[in-house]
Each structure stands twice: as structure tokens, then as C-alpha cells.
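Engineer: Just so you know, the sequences run in chain order P and B. UniProt numbering applies: residue 1 is where the first sequence begins, and numbers increase by one. UniProt numbering applies: residue 1 is where the second sequence begins, and numbers increase by one.
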Amino acid sequence: MAEEVSSQMNSLSISETNPSSSATISLVSGDDIVFKVEPTIAKEMETVQSFIDETDGKITTIPLPNISSHDLPYVIEYCEKSIAGKITKEFEAEFVKKLNNEEVKELFLAANYLNIKKLLDFLSQVIADRIANKSVEYVRRYFGIENDFTPEEEAKLREELAWTFTGVDPDDEDEN
Amino acid sequence: SRLSSQLEPKHGSFESKMEKSPAASDAIEGIKVRSNVHIPDDLAFSILSKLPLKSLKRFECVSKSWSLLFENPRFMNMLRNHFTSNKRSDYGDTFLFLSAADSPLTYVAFYLLSNEKFENRIKFDLPPPCQEDDTFLYILSSVCINGFFCMGQDTRRGLVNTFRAVLWNPATSDFMVIPSSPDEHVPPYRSPYFDFQGFGYDHMRDDYKLIRYISFFPVTDEDEDMPLEDKSYEPLLEIYSLRSNSWRILEIDMLDIRDFTYAQPRIGVYLDGVCHWLGTRDLYQIEGCLVSFDMSNEVLFMTPILDIDESCDLIFIKRHLVVL
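#1: Nearest chain B C-beta to L161(P) closer than 8 Å, yes or no?
#2: Where does I31(B) sit, in a helix, a strand or coil, going by DSSP?
#3: Should V126(P) be labelled buried (16 or more other beta-carbon atoms within 10 Å of its own) or exposed?
#4: Determine the burial state of D253(B): buried for a count of at least 16 other Cβ atoms within 10 Å of its Cβ, exposed for fewer.
#5: Based on the DSSP secondary-structure assignment, which residues constitute the bridge partners of A109(B)?
#6: Below 8 Å between beta carbons: does that hold for S246(B) and G200(B)?
#7: Quick one: which chain B residues come within Cβ less than 7 Å of S26(P)?
#8: Which one of S99(B), G147(B), C144(B) has the shortest CA to CA distance from D133(B)?
#9: Name the DSSP beta bridge partners of R164(B), please?
#10: Quick one, which of T162(B), V269(B), E251(B) has its alpha-carbon nearest E298(B)'s?
#11: Take the Cβ of D202(B) as the centre, count every other Cβ of all protein chains shown within 10 Å, and call the residue buried at 16 or more, exposed below.
#12: Which value, in whole angstroms, describes the spacing of the CA atoms of L53(B) and Y113(P)?
#13: Just verifying my parser: in three-state terms, what is the DSSP assignment at E238(B)?
#14: Beta-carbon within less than 6 Å of Y78(P)'s beta-carbon, same chain only, minus the 5 sequence neighbours each way: which residues are those?
#15: Residues of the region 118 to 130 of chain P in Cβ contact with chain B at a cutoff of 7 Å, in chain order, please.
#16: Measuring straight from C-alpha to C-alpha, what distance separates A155(P) and T164(P)?
#17: I want to see whether chain B comes within less than 8 Å of V136(P), judged by CB atoms only; does it?
#18: Using the beta-carbon count (16 or more within 10 Å), is F91(P) buried or exposed?
#19: What three-state label does DSSP hand K36(P) in the structure shown?
#20: In the DSSP assignment, find the unbroken alpha helix (DSSP H) run with D129(P) in it and report its ends.
#21: Smallest Cα separation from E153(P): which of T280(B), K64(B), I47(B), R58(B)?
#22: Report the neighbours of R74(B) on chain P: residues whose CB is nearer than 8 Å to its CB, in chain order.
#23: For E38(P), decide whether its Cβ has a neighbour in chain B, counting only Cβ atoms nearer than 8 Å.
#24: Would a check of beta-carbon distances place E71(B) closer than 8 Å to chain P?
#25: Measure the Cβ-Cβ separation of L236(B) and I211(B) and say whether it is below 8 Å.
#26: Check S142(B) in the structure and name its three-state DSSP category.
#27: For G152(B), is the classification buried or exposed, using 16 other Cβ atoms within 10 angstroms of its Cβ as the cut-off for buried?
#28: Where DSSP assigns a beta bridge to S55(B), which residues make up the other side?
#29: Taking only beta-carbon positions, decide if T164(P) is within less than 8 Å of chain B.
#30: Closest by CA to R58(B), which one among P151(P), E54(P), N133(P)?
#31: What do you reckon, is the C-beta of T150(P) under 7 Å from a heavy atom of the ligand ATP?
#32: So which residues of chain P does L51(B) contact, with C-beta pairs closer than 8 Å?
#33: How would you write the range of the alpha helix (DSSP H) that L114(P) sits in, first residue to last?
#34: When DSSP labels each residue in this structure, what does K209(B) get in the three-state scheme?
#35: On the DSSP letters alone, give me the boundaries of the alpha helix (DSSP H) that S67(B) sits inside.
#36: Closest to S244(B) by C-alpha separation, out of L278(B), I178(B), R74(B), would be which residue?
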């Protein structure tokens with residue numbers, strides 16, 4: 001019962017340079033949504049490309065259980081821009097503007113799973129910028145890290161690093 | 001529509017899926033559960049290596065393994081790669097070095113500026129070798145490379161000039177005194193004058209380097225029996241490499257660059273693997289030039305500086321070299 005959502009890409013320029021563009025690749029998200037993309041897009045995703053290569057291109061439907069249908073369109077959009085050589089600062093700023101911190105994290109993990117180096121690199125900088133002024137508690141939650149200090153150890157370390165605790169943003173409850 | 005209901009659960013469910021095995025079928029199970037995704041260390045490091053220093057130090061309080069980040073060679077490598085990749089965000093860490101050496105009062109202070117407010121400045125203690133005597137301190141090439149500053153100090157004892165450089169990382173408090181070179185004091189018929197010192201990074205060899213221009217003046221009372229023709233007062237261009245931890249003389253023809261003394265301060269600037277400073281191209285110190293030294297290939301370039309007004313007496317011109 002897979003629903004087909006074709007990517008919103010403008011395939012015109014790609015089909016001109018690639019005559020065999022009819023052989024589209026189907027990417028299936030974890031929640032069973034199918035996204036049809038040009039093979040050139042798949043090339044940007046190393047994980048997908050190596051899957052295609054391993055099967056000598058016979059299999060063109062690729063399940064991506066770790067990627068949700070919410071994230072996949074973003075990934076595809078970024079890859080399209082990347083092929084077109086149109087990754088600009090303006091595009092990147094616009095790209096993440098509407099994403100909250102949790103969504104950026106998901107995309108970051110998706111980029112890691114798909115092995116898209118450029119996107120991974122870009123999103124790690126976005127996350128760094130967004131957590132730079134966050135509290136230690138926020139960062140623990142965000143990274144899913146257990147506090148393994150004893151209260152005494154932590155208090156001591158905080159005292160030593162007191163100079164780093166100025167100008168920290170208050171934790172936002174409705175961050176997501 | 002069916003589509004929108006499919007898209008409904010979105011990221012809340014997705015997070016819990018990430019922790020499971022990549023099997024799509026059982027992922028649906030966890031849809032309603034919201035849990036924190038653990039970002040693996042390697043990925044976390046790639047984010048942390050892009051943080052400003054102050055944030056990075058604060059997040060040492062996150063966990064035991066994070067408190068040891070600066071001792072983790074893997075992480076330090078990432079941090080260094082990021083610093084050298086030149087892709088740092090504009091917010092960077094800004095340091096302020098204040099130095100006033102008007103005798104008898106001296107004042108030296110080193111601050112980290114944060115949150116764009118001067119009130120939020122954080123004072124740093126200078127490295128121990130500079131604390132003993134904090135006069136005439138300066139930062140070589142006005143630059144911080146991969147977290148390291150090179151503090152320079154010129155002192156004069158009687159007729160003898162000495163130069164001392166200390167590599168210093170304010171974040172980790174690591175420091176190292178750069179050894180002096182054998183050419184500084186011998187032979188005794190001459191005394192060195194340190195015209196210029198620059199600090200830079202060799203991207204090709206992953207090496208930190210210092211470059212300096214030494215000129216010599218005669219010291220008559222320590223004269224030996226050496227015949228005049230054997231004496232050399234030719235200026236030297238010396239380079240220090242942290243990897244070899246030693247100085248060596250650069251065999252570069254310097255007939256063209258005569259003197260640097262009129263260009264104050266003599267510390268120059270460093271940008272993208274090249275040290276730049278001001279010099280003159282002729283004996284009379286009139287024709288100014290920009291001297292640039294490529295720290296990786298160890299070659300000199302010279303760019304003539306056009307004087308604005310020929311009628312102006314050059315003695316009264318003060319040139320400053322800055323990076324915009």
C-alpha cells in the first residue's frame with residue numbers, strides 16, 4: 001500500500017545530460033512512502049549507490065528503514081541542489097530556517113546513515129551553532145547522554161569552569 | 001487525505017526507530033514512544049569540533065568522556081582539521097591582548113571576549129614563562145593558529161638583545177618555550193638585532209613554524225683576533241620548525257630586503273599559510289615593500305608599495321599592516 005510521492009525536483013536539466021533518466025530509483029522511507037528520484041540523486045547518497053552497485057543496478061527499489069518520509073524530501077532537495085552546484089549560503093540558511101533542533105538532528109542522522117558527506121558537514125555546523133549557548137542539561141538531552149558524574153564531581157568541575165557558564169541561554173520548554 | 005495521515009507521526013516516532021535495528025516492520029511499533037536518540041561519539045565529536053572554545057569547555061560537564069575531550073587524540077585531530085579547514089563560523093573566539101609598557105608602569109592582560117560584550121570578558125593568566133617578566137610582550141603575527149598563540153618578547157641586557165618565544169594554548173594552558181638558536185650570540189664580534197618575527201602554520205607538513213629576520217651590529221670591545229674579511233654582518237633569515245624543534249638558516253638572497261626597522265610594530269600578520277610584513281627594498285629605506293613568506297614552500301615574495309605622495313617626507317610616514 002505504498003504511496004508514491006515523486007520528488008519535487010525539476011528533472012529537466014538532468015534528463016538532458018542523462019539520456020537513461022527513465023531508470024528512476026525508488027527510495028522507500030521507514031514509514032513506507034516511495035520517493036522516485038533520478039539515478040544522479042542516488043549517486044549523492046553513498047549508502048544507496050553502493051547498494052545499487054552491489055546488485056549491478058538490477059534492484060532500483062531501495063528500502064531506507066532509518067529515514068522517515070518527513071526527512072527524505074529534505075535530503076533529496078539538498079542532493080538536487082548539490083548536483084546542480086547551487087549550494088549557496090542563502091540556500092543553506094533557508095533550508096534549515098524552518099527546521100527545529102530535533103528535526104535538524106534527525107536530518108543529521110539521516111545524512112550520516114545515507115553517507116552524504118556535504119550534508120553531514122553542513123548540519124554538524126548548524127547543530128554546533130544552535131547548541132553553542134545551550135546549557136549542559138540541554139546538551140545531555142539533545143545528545144542522549146547519561147550524566148555519569150557524582151554530584152560532587154560535577155560541582156567541582158563546574159566551579160573550575162565557572163567562566164564558561166556566563167551568557168548561557170535558558171532552556172526552552174517548547175523547543176520542539 | 002491518505003497521504004497526510006501517513007505523514008502524520010513524523011519525527012517523534014522516528015527517533016525511537018533510530019535506536020532499533022534497521023528493520024522497517026518493527027519500527028512501526030515504537031511510533032508513539034518518544035525517547036532521546038543517542039548520537040554516537042564519532043558524530044558528536046564532529047559537531048563539538050565546530051563549537052567555540054567557551055561552549056566546548058562548558059560541555060566538559062556533560063559526562064566523563066566529554067570531560068576528557070582535549071585528551072582524546074581523535075577529537076583533537078577533528079578540532080585541528082576544522083580550525084585549519086578555514087570554514088569556521090564568524091562568531092569564532094575573540095581574544096584581546098592589552099599591553100602597555102610605559103616605564104616604570106607595565107600592564108599586560110589577556111582576555112577572551114564573549115557574547116559581543118566587553119563586560120563578559122574573561123581574563124586568562126599568561127603562561128608561566130611570561131608571568132616572570134611580562135614587559136614587551138606581543139603576539140607574533142597577531143594570530144591564533146589551531147588554538148595556539150606564539151608570545152614573543154624582546155629584551156635587552158646591556159648590549160645584548162635577546163628574543164624569547166613561547167607557544168601557548170590558553171584553552172588547555174599548554175605552553176612551550178621555543179629554544180634559542182646558535183646564531184643568536186656567536187660569534188662574539190657581533191650582536192643580534194631582531195628585526196622581525198612571524199608565526200605560521202605549514203599545512204603540507206602539519207608543522208608550526210616561526211620565521212625571523214636578524215641583523216647584526218658590531219661589538220668592538222669583544223673583538224677577537226679574527227681578520228676583518230672573515231667577519232660577517234650579513235642579516236639572516238631563520239626558520240624554526242616545531243616538528244624538528246630547531247632553527248635553521250634559510251638560504252634566500254635578501255639583497256633586496258634591506259631593513260625592517262622603520263615598520264612598527266614588527267610583528268606582521270599571518271593569513272592562509274603566509275606571513276606578511278613590511279620592509280624596504282633599498283639602502284635608504286625609502287622604497288617600501290610588502291614581504292610575504294610562504295610557510296609551506298619556504299619562499300619569499302615581494303610586493304612594492306606605491307607611495308601616495310612624492311612630496312611627503314618619508315620619515316614622517318608610519319605604515320601599518322592589517323588584515324581586513
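Glycine residues also receive a C-beta, built at the ideal position from the N, C-alpha and C atoms. Please read these numbers as outputs of a predicted model, since none were measured by experiment.
Structural biologist: Once the coordinates are examined:
#1: For L161(P), the closest Cβ of chain B is nearer than 8 Å.
#2: Confidence at I31(B) is low in this model, with a pLDDT of 31, below 50, so its placement is unreliable and no value can be given for it.
#3: Taking a 10 Å sphere around the C-beta of V126(P), we find 16 or more other C-beta atoms and assign the residue as buried.
#4: Exposed, since its Cβ has fewer than 16 Cβ neighbours within 10 Å.
#5: DSSP links A109(B) through a beta bridge to L98(B).
#6: Result no, Cβ atoms of S246(B) and G200(B) do not sit closer than 8 Å.
#7: Result: empty, since nearest Cβ-Cβ is about 14 Å, beyond 7 Å.
#8: When the alpha-carbon of D133(B) is set against those of S99(B), G147(B), C144(B), the nearest one is in S99(B).
#9: For R164(B), which the question treats as bridged, DSSP gives the partners Q153(B).
#10: For E298(B), the nearest C-alpha among the options comes from E251(B).
#11: By the neighbour-count rule (16 or more Cβ atoms within 10 Å), D202(B) is buried.
#12: Approximately 29 Å, taken between the alpha carbons.
#13: Three-state DSSP puts E238(B) in a strand.
#14: Cβ neighbours of Y78(P) beyond the five flanking positions: L119.
#15: Those residues of the region 118 to 130 of chain P that come within reach of chain B (Cβ to Cβ, closer than 7 Å) are S124, Q125, I127, A128, D129.
#16: Pairing A155(P) with T164(P), the inter-Cα distance amounts to about 14 Å.
#17: Yes, V136(P) counts as interfacial toward chain B.
#18: Answer is exposed; the Cβ neighbour count stays below 16.
#19: Here K36(P) sits in strand by DSSP.
#20: Element bounds for D129(P): 117 to 131.
#21: Taking only the C-alpha atoms, the option nearest E153(P) is K64(B).
#22: Near R74(B) there are no residues of chain P at all, since even the closest Cβ is about 15 Å away, more than 8 Å.
#23: Residue-level contact check: E38(P) does not touch chain B, since none of the beta carbons of chain B fall below 8 Å from its beta carbon.
#24: It does not: the Cβ of E71(B) has no partner Cβ on chain P nearer than 8 Å.
#25: Taking 8 Å as the Cβ cut-off, L236(B) and I211(B) do not qualify as a contacting pair.
#26: DSSP places S142(B) in helix when its eight states are reduced to three.
#27: Under a 10 Å Cβ-count criterion, G152(B) is classified as buried, with 16 or more other Cβ atoms of the shown protein chains found around its own Cβ.
#28: Answer is none; S55(B) lacks a bridge partner.
#29: Taking Cβ atoms only, chain B reaches closer than 8 Å to T164(P), which makes this a yes.
#30: The residue among P151(P), E54(P), N133(P) with its C-alpha nearest the C-alpha of R58(B) is N133(P).
#31: The ligand ATP is not part of this structure, which contains no ligands at all.
#32: Result: A128, I131, A132.
#33: Element bounds for L114(P): 101 to 114.
#34: In this structure, K209(B) counts as strand in the three-state DSSP scheme.
#35: Bounds of the alpha helix (DSSP H) holding S67(B) are 64 to 67.
#36: Per the Cα distances, I178(B).
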